[in-house]
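Trainee: I'd like to ask some things about the structure below.
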Amino acid sequence: MANTVLKTMSGSSPRVGRPPRVQAPDIVAAAIEIGLEGVTLKQVADRLGVGVATLYRHVRNRDELVRLAAFKVALSGRLPLQEAARATHWSQIAMGYAEALFESFVREPQLVYELMKGRLGPEVEVDFLEQFLAALEPHGFTPAEGVHLHHSVAMLVIGAAVGASSVAAAAQSGLPQDMAMRRVLSSRAPHELTRVRRVSQVYLNSDPALWMRGLMDLLRGIAQARGESLPDAAEKI
């Protein structure tokens with residue numbers, strides 16, 4: 125599926141002369157291996173052993189390459205195959221999607237930038253959404269209900285991923301949250317921020333997987349509305 129889209133976007137007109145040594149999927153795979161945040165066309169060309177001019181057969185510029193790579197990353201979720209989906213509780217399908225989405229955005233912060241620029245719209249989402257809806261269908265979800273679940277999970281997870289990325293970026297920049305908190309509190313009078321001072325350690329030591337509890341609350345509410353309960357395995361998260 126992804127390869128078909130990549131080939132289509134890279135142009136369908138026949139080319140004269142010897143076929144290029146690399147194809148669009150090779151270029152995208154190399155970009156992902158390097159990392160989307162700082163990847164350059166020269167880095168990709170060097171990794172593939174070709175000239176930059178060869179890449180321009182398939183991508184117009186770095187931005188397009190990043191969008192294509194982001195598309196592939198976004199499709200790397202853990203949806204079960206159609207037959208396996210029938211034996212998998214719908215909440216586990218949603219959880220697999222959530223975990224894959226969270227990991228993708230934390231691993232590649234560039235995806236957040238692409239999303240905020242409006243470059244991860246329907247053109248990079250509809251094929252995955254079709255698979256997601258198909259996986260939910262055997263469990264009695266209408267397409268509309270599946271879309272609502274998809275959107276609800278995505279909004280929760282992307283927010284969590286942005287928060288996790290922010291914490292990691294602050295630490296990498298030399299100002300981790302604990303240091304920043306001490307600096308802020310020491311700059312304020314002792315009678316200020318009394319409640320925050322009492323819970324500063326809770327603030328700093330929150331569970332990185334706290335977002336999963338929010339996800340479980342969401343799924344539990346959907347299950348209750350459907351007259352169901354979540355499997356024991358899911359409830360233990």
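Going by our numbering, the residue at position 77 of the sequence shown is 201; the numbering climbs one at a time, nothing skipped. Glycine included, C-beta positions come from ideal geometry on N, C-alpha and C. On a predicted model such as this, the values are computed, not experimentally measured, just so you know.
Please work out which residues of its chain come closer than 8 Å, Cβ to Cβ, to H213, disregarding the five sequence neighbours upstream and downstream, and give them in chain order.
Mentor: Numbered from 1 along the sequence shown, position 89 holds the residue referred to as residue 213. So the qualifying residues of the chain are H263, L354, P355 and A358.
Trainee: Only counting the same chain, and skipping five residues up and downstream in sequence, which positions put a Cβ closer than 6 Å to that of E352?
Mentor: Position 228 of the sequence shown, counted from the first residue, corresponds to residue 352. Counting only residues of its own chain and dropping the five nearest sequence neighbours on each side, E352 has no CB closer than 6 Å to any other CB.
Trainee: Check V183 in the structure and name its three-state DSSP category.
Mentor: For the purposes of this step, residue 183 is taken as residue 59 along the sequence shown, with counting starting at 1. It is coil, neither helix nor strand.
Trainee: Just to confirm, are E238 and R191 a CB contact at a threshold of 8 Å?
Mentor: For this step, residue 238 is matched to residue 114 along the sequence shown. For this step, residue 191 is matched to residue 67 along the sequence shown. In contact: E238 and R191 (Cβ atoms closer than 8 Å).
Trainee: Pull up the distance between the alpha-carbon of P332 and that of L260, whole angstroms please.
Mentor: As a first step, residue 332 is located in the sequence shown; it is residue number 208 there, counting from the start. As a first step, residue 260 is located in the sequence shown; it is residue number 136 there, counting from the start. Spanning the two alpha carbons is a distance of roughly 28 Å.
Trainee: Roughly how many whole angstroms lie between the Cα atoms of L189 and L328?
Mentor: Position 65 of the sequence shown, counting from 1, holds the residue named residue 189. Position 204 of the sequence shown, counting from 1, holds the residue named residue 328. Going from the Cα of L189 to the Cα of L328 covers about 37 Å.
Trainee: Quick one: grab the DSSP three-state call for D170.
Mentor: By one-based count along the sequence shown, residue 170 stands at place 46. DSSP places D170 in helix when its eight states are reduced to three.
Trainee: Which parts of the segment 268-328 are runs of the alpha helix (DSSP H), unbroken and 4 residues or longer, counting only runs that do not cross its ends?
Mentor: Runs found: 301-310, 318-322 and 324-328.
Trainee: Tell me where the alpha helix (DSSP H) around P233 begins and ends.
Mentor: The count along the sequence shown starts at 1 and reaches residue 233 at position 109. First-last for P233: undefined, no H or E at that position.
Trainee: Are L334 and A278 close, meaning C-beta to C-beta below 8 Å?
Mentor: On the sequence shown, position 210 is the one that residue 334 refers to. On the sequence shown, position 154 is the one that residue 278 refers to. Cβ distance not < 8 Å, so L334 and A278 don't count as in contact.
Trainee: Run the CB neighbour count on V320, radius 10 Å, all protein chains shown included, and call it buried at 16 or more, exposed below.
Mentor: Mapped onto the sequence shown, residue 320 falls at position 196. So V320 ends up on the exposed side.
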